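Encoded as structure tokens, the structure appears first; notes follow it.
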Amino acid sequence: MYETFYGLREKPFQIVPDPSYLYRSEKHENALSYLEYGLNEQVGLVLLTGEVGSGKTTLIQYLLGRLDPKVESAVIFNSSLNSDQLLHMVLSEFDFEPPADKTAALVTLNDHLVRLYAEGRRALLVVDEAQNLSSSALEELRMLSNLHDGQHLLLQVVLVGQQELKMRLAQPSMRQLAQRVAVRYHLTGLNREDTGRYIAHRLQRAGGRPDLFTEAAVDMVFEISGGIPRSINLACEAALVYGFAEGATFITQDIIRSIRNDHLVLGREKNGASPEIAVDLRDPSGGGWESLFGQRLEAIESRLKTLEAMLLERWGAIERFLADGRDAKALDEITRLWNQERQRAKELADRLAVMEKEILPQARLSRKKRKRLRELKIPESPQSASSKPKTLPL
């Protein structure tokens, strides 16, 4: 809907993980380094945790796309499994029909892993949303990560999950599994600078202008999203819809403020928990805040399309009414006033954008300079010191 208006090839802020849109911030680079080290060194268990929406799945998909062809991977996204279901899922991902008997299933998997190793290949198992695994399934993973031929591990396991996974592994009952983790990294939200670069990166990747969001707008996006990429996407997607509806050349802080005032606010809870949409009503579909936010956006888009159709219909009625030429002068006057109002609104939006892009950053810089000067104790120049009257000894 807004893509053509803003010169975009596609929507840049979809929440579906897309590795081609990965913004490699310092934190994401560190996470990739840890993951690649774990895979290259062929350690048994690798752990990647992070806040909800921090980009864990996108990182994993990016990493899987760069795997050595000699690595055969199996990825499990549905992790609400017990131990038997997990084993069957692993075999299915490795393209085996799981035997009904668990012993036979284990033999089948072990034989496959030994065969891969004999061919100079290796196996990788990635379990996403691992915080949902049952205790028996986690114990099964520990046992699978311990499969070896006497000298070398046959299966690498990467566990990906939310903060709750870290908490579970810290429990005494999970001590054996925690000790098997050789490499671990926890992914957090972006800082203010990276939030701006992240927005610009995704806009540019979609063929748009990287400076579409003003600095003040980015400030507010960071404030309400906590720097969590998924929450940034939700806020920016809504901002583009709102901006298109208003015909705004730039996305300003007023547009972001409108999103917050319309109960589509993203933010962190007081206890520092992950960002969530703050809404007045619960989502009756049970799909969570992402589902509710998507429904609200769809409702907005529907209203915009209805409004556009209504305006076109009314304009057509005016043209038909004046088609005989007797009131051509009235039509010209209506057209002139219409264009005048649209031009006035555009000029106001452009002026606001200029203020946010140029004046506000300069004002912030001036405040920082004044603060810095107050903090520094600037020594007096020799000339000013010599001009003071000297005190003679008595």
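Following this note's numbering, the numbering of the sequence shown begins with 19 at its first residue and continues without gaps.
Beta carbons are placed, not taken as given, at the ideal position from N, Cα and C, and that holds for glycine.
The structure displayed is predicted, hence computed values, not measured ones.
From the options, residue whose alpha carbon lies closest to that of residue i
i: alanine 257; options: Ser276, Gly244, Asn48, Ile246; result: Ser276
i: glutamate 147; options: Ser97, Phe231, Met161, Phe114; result: Ser97
i: asparagine 279; options: Leu173, Leu85, Tyr260, Asn150; result: Tyr260
i: lysine 111; options: Ile94, Arg193, Thr126; result: According to the sequence provided, residue 111 is glutamate. The question's lysine does not apply to it. When each option's Cα is compared against that of glutamate 111, the closest is Ile94.
i: alanine 122; options: Asp167, Leu105, Met185, His170; result: Leu105
i: glutamine 361; options: Thr267, Gly68, Leu177; result: Thr267
i: phenylalanine 31; options: Ile78, Ala253, Thr232, Glu158; result: Ala253
i: arginine 223; options: Ile33, Leu40, Val176, Gln79; result: Leu40
i: valine 61; options: His219, Gly225, Ile217, Arg160; result: Arg160
i: leucine 165; options: Ser43, Tyr135, Val145; result: Tyr135
i: glutamate 47; options: Val70, Tyr80, Glu69; result: Tyr80
i: glutamate 69; options: Tyr203, Val144, Lys120; result: Tyr203
i: proline 247; options: Ser72, Leu65, Leu26; result: Ser72
i: isoleucine 269; options: Asn251, Ala235, Ile250, Ser249; result: Ala235
i: glutamine 169; options: Ser191, Gln181, Val132; result: Val132
i: valine 175; options: Leu162, Asp167, Leu183; result: Leu162
i: glutamate 157; options: Leu99, Thr213, Leu127; result: Leu99
Whole-angstrom distance between residue j and residue i, CA atom to CA atom
i: arginine 198; j: glycine 245; result: 32 Å
i: glutamate 28; j: glutamate 115; result: 40 Å
i: phenylalanine 231; j: threonine 22; result: 17 Å
i: tyrosine 20; j: phenylalanine 262; result: 6 Å
i: proline 228; j: aspartate 113; result: 43 Å
i: glycine 306; j: leucine 195; result: Residue placement at glycine 306 is flagged as unreliable, the pLDDT there being 46, under the threshold of 50; the coordinate-derived value follows with that caveat. Spanning the two alpha carbons is a distance of roughly 31 Å.
i: isoleucine 78; j: aspartate 86; result: 14 Å
i: arginine 84; j: aspartate 36; result: 14 Å
i: tyrosine 24; j: glutamate 255; result: 12 Å
i: leucine 177; j: leucine 66; result: 6 Å
i: arginine 42; j: leucine 151; result: 29 Å
i: glutamine 149; j: glutamate 264; result: 42 Å
i: leucine 26; j: arginine 220; result: 11 Å
i: serine 399; j: isoleucine 273; result: Reliability of the predicted coordinates at serine 399 is poor, the pLDDT of 46 falling under 50, and no value is obtained from them.
i: leucine 57; j: aspartate 119; result: 31 Å
i: glycine 179; j: arginine 215; result: 26 Å
i: glutamine 181; j: leucine 82; result: 23 Å
Unbroken alpha helix (DSSP H) run spanning residue i, endpoints
i: serine 154; result: 153 to 162
i: leucine 50; result: 44 to 58
i: alanine 166; result: Inspection of the sequence shows that residue 166 is occupied by histidine rather than by alanine. Taken as a continuous stretch (DSSP letters only), histidine 166 belongs to no alpha helix (DSSP H), as it is neither H nor E.
According to DSSP, residues forming a beta bridge with residue i
i: threonine 67; result: Gly179, His204
i: glutamate 90; result: Ala141
i: isoleucine 269; result: Phe231
i: valine 199; result: Leu63
i: leucine 173; result: Ala141
Residue i CB to nearest heavy atom of the ligand MG below 8 Å
i: leucine 355; result: With respect to the ligand MG, the structure offers nothing, as it holds no ligand at all.
Are there three or more Cβ pairs, one per stretch, closer than 8 Å when the stretch 237 to 248 is compared with the stretch 203 to 214?
-> yes
Is there contact between the stretch 85 to 103 and the stretch 129 to 144, where contact requires at least three CB pairs shorter than 8 Å?
-> yes
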